[in-house]
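One structure below.
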Amino acid sequence: MAQADDRGAAASDAGAAPDIVQLRSGGLVRGTILELIPGESVAIRSALGDIRKFPMSEVTYAGPVSRAPGAAPAPGEAPKAPAEAPKAPGAPDRPAARPMVTINAPEARVQFASTTGELTLHLQSGGAGVHVPAGQGTSSLTVQGYERLCTAPCSVTLPSGTYRFAVGPGSEAPILVKDSVTIRDGDRLEGSYTSRQASRTRRQVAGGILLGGGFALFLGGLVKETDECSRYSIFDEQECTNYKRGDPRLYLGGAALAAVGAVVLLTTLWLHDEVKIKVVPGTTAPGEATGGAGLRAQRRDALPGVSSWQGLTLVGQF
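Following this line, the structure appears as structure tokens:
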């Protein structure tokens, strides 16, 4: 009778504060832990009232059921976050991860208009450069990336500030505006594009003709046959013999003509198209869009399917 009472009390204690002992062999004993000596042994009273003792070398876990590995949380108890792995001794402290930079600035809804046909506004979004020593100077190669905004007439919303814009005709490669542009809400941007393609074409044609003609004269002067006459005495008749000596007037004139043609062709390298952006302050009603979402929405309306880094420009200086 007393043994039955002890077993009933043990079962009551096990139900009130259940513990478990998990063994390496896969076995499990549920009850109330009576004694736990770390590194040596654990004694537990089972639900049937038996007291069992195990060496810690055979135990994988001994403690409350709620803290056992893989145990489900009790009803109404929030699951606990997994514990962080311990930091290795001497490891440097790493700063917590931070989000991308957020620009906090007043909105600027600006209108872009073109004074010379259909122009597309671009924003310089990045760039990279390589500089290589060459002799007494330095050679450089620069890659610039542009984000396509919209095609005039249109409006965009950006944070107020200073930007580097680029302008290009239609979908062609843009040209970077020389100076930075500062915009504020309500400003109007007027872009202009001066194409010098016709002038470049005329110079290329003229330079090619001069270069080709001069080269032809130079070769002709070298192979031209000339007559050289000599008199042996004042009483002898003049005798003439044909010699392929060349004509200095022709090959020197041809060389000069070819040099002029080469110079004309070289001048086309510095005959670039020109772009300008004029800021007319306060001509647009204040924008109602908020943040970058307004900018993204207007970009999709103006140029659907366009992603960033639409254009790349290579600039070399040697």
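The sequence shown lines up with residues 1479 to 1796 when you count with our numbering. Don't be surprised by glycine CBs; every beta carbon is placed ideally from N, CA and C.
Selection from GLY1646, PHE1590, GLY1692 that minimises the alpha carbon distance to VAL1655: GLY1646
Host alpha helix (DSSP H) of VAL1701 (start-end): 1675 to 1701
Per DSSP, the bridge partner or partners of GLY1541: ILE1498
CB contact flag (GLY1604, ASP1665, <8 Å): no
Backbone CA spacing between VAL1634 and ARG1681 [nearest angstrom]: 40 Å
For ALA1651, three-class secondary structure by DSSP: coil
C-alpha distance - PHE1532 paired with GLY1505, whole-angstrom precision: 12 Å
ALA1586 in three-state terms, based on DSSP: strand
Alpha-carbon to alpha-carbon, GLY1731 and GLN1428: This structure does not reach residue 1428, given that the chain is present from 1479 up to 1796, and the question cannot be answered.
Sequence-distant residues of its chain with Cβ nearer than 8 Å to ALA1734 (five each side left out): GLY1692
First through last residue of the alpha helix (DSSP H) which encompasses ARG1727: 1726 to 1745
Beta-bridge partners of GLY1646, as assigned by DSSP: THR1598
Reduced DSSP category for SER1658 - H, G, I as helix; E, B as strand; rest coil: coil
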